[in-house]
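*Asks:* Take the sequence shown: its position 48, counted from the start at 1, is 48 in our numbering, and no numbers get skipped.
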Amino acid sequence: MWLEWLVAWSWSLDGLRDCIATGIQSVRDCDGTAVITVACLLILFVWYCYHVGREQPRPHVSV
1 MWLEWLVAWS
11 WSLDGLRDCI
21 ATGIQSVRDC
31 DGTAVITVAC
41 LLILFVWYCY
51 HVGREQPRPH
61 VSV
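Spelled out as structure tokens, the structure:
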């Protein structure tokens, strides 16, 4: 079922909303998809922190 849903999912904001709603429901149900959802969120968080930390500070230009 998960693979069929992923293949049929349209890449739009409605699809994203449905994906988030499905993830939240999975966490509530404590099934296998919940683990995948939490793992993906953790990976995205680590990726974001890495990229933000990598950015070089820009010098402030006084006018």
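Here a beta-carbon is modelled for each residue, glycine too, at the ideal position from N, C-alpha and C.
Owing to the predicted nature of the structure, the values given are computational and were not obtained by experimental measurement.
#1: Between LEU42 and ARG58, what straight-line distance do the alpha-carbon atoms span, to the nearest angstrom?
#2: Note down, one range per segment and in chain order, each alpha helix (DSSP H) of at least 4 residues found wholly within the stretch 10 to 54.
#3: Please identify the residue among ASP14, ARG54, THR37 and TYR48 whose C-alpha is closest to the C-alpha of ILE24.
*Replies:* The structure says:
#1: To locate residue 42, count along the sequence shown from 1; it is residue 42. To locate residue 58, count along the sequence shown from 1; it is residue 58. The alpha-carbon atoms of LEU42 and ARG58 are separated by roughly 28 Å.
#2: 13 to 29 and 32 to 54
#3: For the purposes of this step, residue 24 is identified with residue 24 of the sequence shown, where counting begins at 1. Answer by Cα proximity: THR37.
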